[in-house]
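> Would you mind keeping the following structure in view while I ask a few things?
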Amino acid sequence: MIPTHWFLILSAILFSIGVCGVLTRRNGITIFMSIELMVNAVNLTFLAYARQFHQLHGLIFVFFVMAIAAAEAAVGLAIFISLFHHRETIDVDEANLMHW
Amino acid sequence: MPHALSYMLEYLIFFVFATIAVVFALMVVLHRNPVIGALSLVVAFFALAVMYVLLEAPFLAALQVIVYAGAIMVLFLFVIMLLNLQHRTEEATRPVQQFLGFTTSAAFLISLVYYIGKYAVFGKLPDGRFASDARTIGIRLFEAYVFPFEMVSILLLAAIVGALLLSSRGAATRAEIPTEVSE
Amino acid sequence: MAFDATDVVLSLIKIVIVLVMMLQVTPIMVWVERRGSALIQDRPGPNRIGPFGLLQSLIDALKFILKEDIIPTGAHKWLYTLAPVFGLVPALTTIAVVPWGRPFRIPQRISDGGALTSVGWTIAGLCILGAFLAGGATARYSRKPAHSKFNTVIGWLVVAALAGIAFLIGAALLALHAAGTVRVPAGGRWFEPIVADVNVGILVIFALASLGVYGIVSAGWASNNKYSLFGGIRASAQMISYELSLTLAAVSALLVAGSLRLSDVVWRQTGYFVLFDTIRIPAWNVFSPAMWLSFIIFSVSAFAETNRLPFDFAEAEAELVAGYHTEYSSMKFALFFMSEYMAMATMSALITTLFLGGWDIPWYNEPATFGGFLLSALAFTAKVAFLLFIFVWVRWTIPRLKYDILMRIGWKFFLPLALVNVVVVAFFIAKHWI
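Next comes the structure, spelled out in structure tokens:
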């Protein structure tokens, strides 16, 4: 059996890679993909704990997280499409309408 | 020594697929072409699905591939390809913020790994098999968690309606389109 | 998870058998497609290479290998080269969870004078007879004025091969006769003819089928060609739309079986429906009153998933040049070709397992022996072959309409129909009518 804290460390690595992506990149789609990576890292943590204590709650939560991430992806991409229609760019630094 | 062999196999699979997940996650974040980023994310999701199988949750592993790698990433690829986003380059205009971003996430990673390694070491796993098959999950979903289940379906409906409304052009621009085509 | 060397060897044998059968699908289907389409269109079809054009696939493979391999300028080299592989991997791996024969107990010893020796001598005799017939046909063909040397050489090679097989079988049987009985190393174990009998079998198939979209999308995008991109995007939208009705139609068969394992689904179909206390119909799901509609929905969605006519907008000859594989030549194009036929074979295997009773022989109770296993494997192959012929038949009979009609019926007709069908099947189960 693989010790649970190895899975937790893997999840931490993936989460920080996602954080790096969100903080560093300017392409909106890449930021969105880094957010999905962070959500998946958290899923891995839930499953690691679920296996450690033989509880089903972690599994059910991951199930719901997947459903909600699907909804979030659809709406987020729709927002990006409408941003692209208005500004012809997907660069999030250009989406600065709140200051002139 | 079959028992030692299956131990070794499990560790080998863990290391191989953990490396694949980390490498392709780095490619998502660092590659400048979003199409390659999306495809690397698919590979990372697949490697994570293997991790879920190692965590004795095969149902969720299959769901991960079906939902994330098979549906959400296809949606990403559609948007990237239809909006023709792959030819944009990002000019490096904010080096200080980028450097701060890299260092902050590196510090975050180091502190997380250190504290997890120090404090999150658990004892033995409970005896018996982990009952994570479709039947037990289904029973739990429809008995204890039936309210969130129904709420998620309404949420998905709201997401569909929201996505349709947000991504359609307004009625004014829709009226202009025939004149653009005819000239 | 205790496994030993014998388990590994048995698994390797299963993998080799399944892989070899899957790799044979493409050459055979190419011949069936070309001769079958010729039959439907009232023309001869390929008949030059080998008798009845049977070696056409071999020569086509040689042609593919020898053609120049082009990478267009502006194409993304890595993705362009890897895209055919993305298409091939799901087609080859989904067959791992499909049961293709009856599980049987490996005998402890093989003894001389049993059924095996009689079957062996019969096969050897048939091979000798076939060698004589082939020799006579080749000799008669070589005396014709317009004969081709290539065909005569192939003819004599077939004679030699048949004679060689007969010789080998005879030698093995004589050795068995001399030894008396032979002990089988893995004797006493159950041989389950399914490569990976996982608990969530059907979900693995859906997961890998949804990965098949990426091959087409990457090929379309990486070719740096407008028409390829259109073909790729059309195909991926079509595939993900019809995955929904495919999954829902399969769910009804799984509801009845009560399990996600495909072997459980097949075992459930080995009984009988009894009509009027006398007529026994095999309990295949297609004959069941609740699931004939799922069969239709699943088959139509299988056509859409494998990009076969009338749903082949990804290739769409005469519209999009050749769609997503316009810019592909030689072996990469051959890999796309192969992955399409293998996906067809996998879908046919899936339709057979879910609705046509898998390896069940209709009115015969197969015993748990090697003979029973062989008969059930033959039955499975016959059903898959029949479905593959239906794929070819439909392709050359039904026209291709418009893409928006395809998407409209996918979302507005098949998806609601599949949902209603699931509710109906659940109702039947709740009332214990199934």
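So the sequence lines, in the order shown, correspond to chains A, B and C.
Each residue of the first sequence is one higher than the one before, counting from 1 in the working numbering.
Each residue of the second sequence is one higher than the one before, counting from 1001 in the working numbering.
Each residue of the third sequence is one higher than the one before, counting from 2001 in the working numbering.
Glycine included, each C-beta is placed from N, C-alpha and C at the ideal position.
Check distances from the C-beta atoms of the stretch 55-68 of chain A to those of chain B and list, in chain order, the residues that come in under 8 Å.
Answer set for the stretch 55-68 of chain A: Leu-56, Leu-59, Ile-60, Val-62, Phe-63, Phe-64, Met-66, Ala-67, Ile-68.
> Does any CB atom of chain B fall closer than 8 Å to the CB of Asp-2260 (chain C)?
Taking the third sequence and counting its residues from 1, the one referred to as residue 2260 (chain C) is at position 260. As written in the sequence, residue 2260 (chain C) is Leu, which differs from the Asp given in the question. Cβ-Cβ to chain B under 8 Å: yes for Leu-2260 (chain C).
> In chain order, what residues of the stretch 12-25 of chain A put their CB closer than 9 Å to some CB of chain B?
For the stretch 12-25 of chain A, which is checked against every Cβ of chain B, the residues closer than 9 Å are Ala-12, Ile-13, Leu-14, Phe-15, Ser-16, Ile-17, Gly-18, Val-19, Cys-20, Gly-21, Val-22, Leu-23, Thr-24, Arg-25.
> List, from N- to C-terminal side, the beta strand (DSSP E) runs of 3 residues or more that fit wholly inside the stretch 1027-1060 of chain B.
You should have found no qualifying run.
> May I have the straight-line CA-CA distance separating Pro-2416 (chain C) from Leu-1009 (chain B), to the nearest angstrom?
Here residue 2416 (chain C) refers to the residue found at position 416 when the third sequence is read from its first residue. Here residue 1009 (chain B) refers to the residue found at position 9 when the second sequence is read from its first residue. Each residue's alpha carbon lies about 45 Å from the other.
> From this set, C:Gly-2357, C:Ile-2398, C:Pro-2193, C:Gln-2108, which residue's C-alpha is nearest Val-2182 (chain C)'s C-alpha?
Locating residue 2182 (chain C) in the third sequence gives position 182, counting from the first residue. For the residues C:Gly-2357, C:Ile-2398, C:Pro-2193, C:Gln-2108, the minimum Cα distance to Val-2182 (chain C) belongs to C:Gln-2108.
> Check distances from the C-beta atoms of the stretch 1037-1051 of chain B to those of chain C and list, in chain order, the residues that come in under 9 Å.
Answer in chain order: Leu-1039, Val-1042, Phe-1046, Ala-1049.
> Need the endpoints of the beta strand (DSSP E) that Phe-2386 (chain C) sits in, please.
In the third sequence, the residue the question calls residue 2386 (chain C) occupies position 386. Careful: Phe-2386 (chain C) lies outside any beta strand (DSSP E), inside the alpha helix (DSSP H) at 2370-2395.
> Considering Cα atoms alone, identify which of C:Leu-2168, C:Thr-2352, C:Trp-2363 is closest to Trp-2121 (chain C).
Numbered from its first residue, the third sequence carries residue 2121 (chain C) at position 121. The residue with the shortest Cα to Cα distance from Trp-2121 (chain C) is C:Leu-2168.
> Would you say Pro-1058 (chain B) faces chain A, with C-beta separation under 8 Å as the test?
Working through the second sequence from its first residue, we reach residue 1058 (chain B) at position 58. Chain A contact via Cβ: absent.
> Beta carbons nearer than 9 Å to chain C: which residues of the stretch 1132-1150 of chain B have them?
Per Cβ criterion, the list reads Asp-1133, Ala-1134, Arg-1135.
> Report, in whole angstroms, the separation of the C-beta atoms of Phe-2391 (chain C) and Arg-2308 (chain C), which I expect to be a contact under 8 Å.
Your numbering for residue 2391 (chain C) matches position 391 in the third sequence. Your numbering for residue 2308 (chain C) matches position 308 in the third sequence. With 8 Å as the limit, Phe-2391 (chain C) and Arg-2308 (chain C) qualify as a contact, their Cβ atoms being about 6 Å apart.
> Name the residues in the stretch 68-79 of chain A whose C-beta lies less than 8 Å from a C-beta of chain B; which are they?
Within the stretch 68-79 of chain A, the residues whose Cβ lies closer than 8 Å to some Cβ of chain B are Ile-68, Ala-69, Ala-70, Ala-71, Glu-72, Ala-73, Ala-74, Val-75, Leu-77, Ala-78, Ile-79, listed in chain order.
> Counting C-beta neighbours from all protein chains within 10 Å, is the total for Phe-2132 (chain C) 16 or more, i.e. buried, or is it exposed?
Translated into the one-based positions of the third sequence, residue 2132 (chain C) becomes position 132. When all chains shown are included, Phe-2132 (chain C) counts as exposed.
> So is Ala-1106 (chain B) buried or exposed if we call it buried at 16+ other beta carbons inside 10 Å?
Indexing the second sequence from 1 puts residue 1106 (chain B) at position 106. It counts as exposed.
> Residues in its own chain within less than 6 Å of Ala-2249 (chain C) by CB, not counting five upstream and five downstream?
Walking along the third sequence from the start, residue 2249 (chain C) turns up at place 249. Contacts found: Ser-2294, Ile-2297, Phe-2298, Ala-2418.
> Is Leu-2275 (chain C) helix, strand or coil by DSSP?
In the third sequence, counting from the first residue as 1, residue 2275 (chain C) sits at position 275. Three-state result, Leu-2275 (chain C): strand.
> List, in chain order, every chain F residue whose beta-carbon is nearer than 8 Å to that of Tyr-2227 (chain C).
The chain inventory of the structure shown lacks chain F, comprising the protein chains A, B and C.
> Quick check: is the beta carbon of Ile-1116 (chain B) nearer than 8 Å to any beta carbon in chain A?
Position 116 of the second sequence, counted from the start, is the residue given in the question as residue 1116 (chain B). Yes, contact with chain A.
> Give the DSSP-derived three-state secondary structure of Phe-2336 (chain C) in the structure shown.
On the third sequence, position 336 is the one that residue 2336 (chain C) refers to. Reduced to three states, the DSSP call for Phe-2336 (chain C) is helix.
> Under 8 Å: do the stretch 34-47 of chain A and the stretch 1106-1119 of chain B share three or more Cβ pairs, one atom per stretch?
Segments in contact, no.
> Please determine if the stretch 51-69 of chain A and the stretch 1125-1143 of chain B are in contact, where contact requires at least 3 C-beta pairs separated by less than 8 Å.
Contact between the stretch 51-69 of chain A and the stretch 1125-1143 of chain B is present, because at least three Cβ pairs lie under 8 Å.
> Would you list the one or two residues that DSSP bridges to Phe-2181 (chain C)?
Working through the third sequence from its first residue, we reach residue 2181 (chain C) at position 181. It is Thr, not Phe, that sits at residue 2181 (chain C) in the sequence shown. Answer is C:Ser-2111, bridged to Thr-2181 (chain C).
> Could you check the C-alpha separation between Ile-9 (chain A) and Met-1073 (chain B) for me, to the nearest Å?
Residue numbering aside, residue 9 (chain A) sits at position 9 when the first sequence is read from its first letter. Residue numbering aside, residue 1073 (chain B) sits at position 73 when the second sequence is read from its first letter. Going from the Cα of Ile-9 (chain A) to the Cα of Met-1073 (chain B) covers about 25 Å.
> Which of the three DSSP states is assigned to Asn-2224 (chain C) in this structure?
Walking along the third sequence from the start, residue 2224 (chain C) turns up at place 224. Asn-2224 (chain C): coil per DSSP, three-state reduction.
> Is it true that the CB of Leu-2275 (chain C) sits closer than 8 Å to the CB of Ala-2345 (chain C)?
As a working note, residue 2345 (chain C) is residue 345 in the third sequence. As a working note, residue 2275 (chain C) is residue 275 in the third sequence. In this structure, Leu-2275 (chain C) does not lie closer than 8 Å to Ala-2345 (chain C) by Cβ.
> Flag this pair as yes or no: are the beta carbons of Gly-2220 (chain C) and Ile-2233 (chain C) separated by less than 8 Å?
Position 220 of the third sequence, counted from the first residue, corresponds to residue 2220 (chain C). Position 233 of the third sequence, counted from the first residue, corresponds to residue 2233 (chain C). In contact: Gly-2220 (chain C) and Ile-2233 (chain C) (Cβ atoms closer than 8 Å).
> Output needed for Leu-2280 (chain C): all residues of its chain with C-beta closer than 8 Å, excluding positions within five of it in sequence on either side, in chain order.
Sequence index remark: in the third sequence, residue 2280 (chain C) carries index 280 (1-based). The question names Leu, yet the displayed sequence has Arg at residue 2280 (chain C). If we look at Arg-2280 (chain C) and ignore the five residues flanking it on each side, its Cβ neighbours are Tyr-2272, Phe-2273, Val-2274, Trp-2363.
> Whose C-beta lies closer than 7 Å to the C-beta of Phe-2104 (chain C) among residues of the same chain, with five residues either side of it excluded?
The count along the third sequence starts at 1 and reaches residue 2104 (chain C) at position 104. If we look at Phe-2104 (chain C) and ignore the five residues flanking it on each side, its Cβ neighbours are Phe-2191, Ala-2368, Thr-2369, Phe-2370, Gly-2372, Phe-2373.
> When the Cα atoms are used, what is the spatial distance from Glu-2340 (chain C) to Leu-2174 (chain C)?
On the third sequence, residue 2340 (chain C) is found 340 positions in, with the first residue counted as 1. On the third sequence, residue 2174 (chain C) is found 174 positions in, with the first residue counted as 1. Taking the straight line from one Cα to the other gives about 44 Å.
> Starting from the Cα of Ala-2290 (chain C), find the closest Cα among C:Ala-2430, C:Leu-2335, C:Gly-2164 and give me that residue.
Reading the third sequence from its first residue, position 290 is the one you call residue 2290 (chain C). Ranking C:Ala-2430, C:Leu-2335, C:Gly-2164 by Cα distance to Ala-2290 (chain C) puts C:Ala-2430 first.
> To the nearest whole angstrom, what separates the beta carbons of Ala-71 (chain A) and Ala-1159 (chain B), a pair I think is in contact under 8 Å?
Mapped onto the first sequence, residue 71 (chain A) falls at position 71. Mapped onto the second sequence, residue 1159 (chain B) falls at position 159. Their Cβ separation, rounded to whole angstroms, is 4 Å, which keeps Ala-71 (chain A) and Ala-1159 (chain B) in contact under 8 Å.
> Let me know the secondary structure DSSP gives Asp-91 (chain A) once reduced to three states.
Within the first sequence, the letter at position 91 stands for residue 91 (chain A). Asp-91 (chain A): strand per DSSP, three-state reduction.
> Shortest alpha-carbon distance to Phe-7 (chain A) belongs to which of A:Phe-64, A:Leu-47, A:Asn-27?
Numbered from 1 along the first sequence, position 7 holds the residue referred to as residue 7 (chain A). Phe-7 (chain A) has its Cα closest to that of A:Leu-47, out of A:Phe-64, A:Leu-47, A:Asn-27.
> Which residues share a DSSP beta bridge with Pro-2282 (chain C)?
Stepping through the third sequence from its first residue, residue 2282 (chain C) is reached at position 282. Paired residue(s): C:Tyr-2272.
> How about the stretch 2086-2098 of chain C and the stretch 2150-2159 of chain C: do they share at least three Cβ pairs that are nearer than 8 Å?
No, the stretch 2086-2098 of chain C does not touch the stretch 2150-2159 of chain C.
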